[in-house]
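Visitor: Residue numbers (the numbering used here): 547 to 725.
A virtual CB, placed ideally from N, CA and C, is assigned to each residue, including glycine.
This structure is a prediction, so every number in the text was calculated from the model and none was measured.
Handing you a structure now.
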């Protein structure tokens with residue numbers, strides 16, 4: 547297969563990505579974040595970004611946070627992404643994909659944080675690639691705002707993940723010393 551890809555002058559990285567996609571686990575194809583996207587036009591970018599925002603909303607709606615810090619993040623996340631999705635669908639005249647169930651549902655706070663880190667990384671990647679397209683000034687401004695918001699949320703999620711990891715390590719050390 548790789549020889550076939552090289553015969554058509556596809557780069558080594560692209561060949562590796564395609565081979566990895568063929569070998570991906572079966573559940574990965576059902577998750578909207580794992581589906582391949584072609585960004586050839588502004589409309590393609592709008593559909594891909596709306597799917598990522600819709601995925602974030604569904605993930606957040608299905609999760610019940612226990613810690614106050616994560617509860618604040620969840621409330622802000624819902625408010626921000628609902629607003630962004632509404633504006634995006636109105637300006638681009640599109641309907642976001644209807645996601646009712648996630649391929650991988652977060653069962654605890656650590657899984658939720660990891661799922662949202664993955665979602666925000668995908669969103670930032672889509673926006674970065676999309677900014678290389680010829681976009682209308684309005685959509686370009688909107689994508690820049692979404693990227694700024696997503697990167698701030700990514701930073702918050704990263705610090706939440708670090709604090710959870712530190713708490714888990716500390717709990718492991720404390721339980722080891724109490725024996």
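When the Cα atoms are used, what is the spatial distance from residue 672 to residue 620?
Guide: Against the chain shown, residue 672 aligns to sequence position 126. Against the chain shown, residue 620 aligns to sequence position 74. Going from the Cα of residue 672 to the Cα of residue 620 covers about 22 angstroms.
Visitor: For residue 579 versus residue 585, is the C-beta distance shorter than 8 angstroms?
Guide: As a first step, residue 579 is located in the chain shown; it is residue number 33 there, counting from the start. As a first step, residue 585 is located in the chain shown; it is residue number 39 there, counting from the start. No. Outside cutoff.
Visitor: Kindly indicate which three-state DSSP category residue 682 falls into: helix, strand or coil?
Guide: For the purposes of this step, residue 682 is identified with residue 136 of the chain shown, where counting begins at 1. It is coil, neither helix nor strand.
Visitor: For residue 596 versus residue 624, is the C-beta distance shorter than 8 angstroms?
Guide: In the chain shown, the residue the question calls residue 596 occupies position 50. In the chain shown, the residue the question calls residue 624 occupies position 78. No, Cβ-Cβ distance for residue 596 and residue 624 is not below 8 angstroms.
Visitor: So what's residue 598 in DSSP terms, helix, strand or just coil?
Guide: Reading the chain shown from its first residue, position 52 is the one you call residue 598. It is helical.
Visitor: Using the Cα positions of residue 581 and residue 675, report the straight-line distance between them to the nearest angstrom.
Guide: The sequence position of residue 581 within the chain shown is 35, counting from 1. The sequence position of residue 675 within the chain shown is 129, counting from 1. If you take the alpha carbons of residue 581 and residue 675, they lie about 16 angstroms apart.
Visitor: For the alpha helix (DSSP H) containing residue 630, list its first residue and its last residue.
Guide: In the chain shown, the residue the question calls residue 630 occupies position 84. Where residue 630 is concerned, the enclosing alpha helix (DSSP H) stretches over 614 to 638.
Visitor: Just to confirm before moving on: does the CB-CB distance between residue 643 and residue 698 stay below 8 angstroms?
Guide: For the purposes of this step, residue 643 is identified with residue 97 of the chain shown, where counting begins at 1. For the purposes of this step, residue 698 is identified with residue 152 of the chain shown, where counting begins at 1. No. Outside cutoff.
Visitor: The alpha helix (DSSP H) with residue 673 in it runs from where to where?
Guide: One-based indexing of the chain shown puts residue 673 at position 127. Note, residue 673: alpha helix (DSSP H), 655 to 676.
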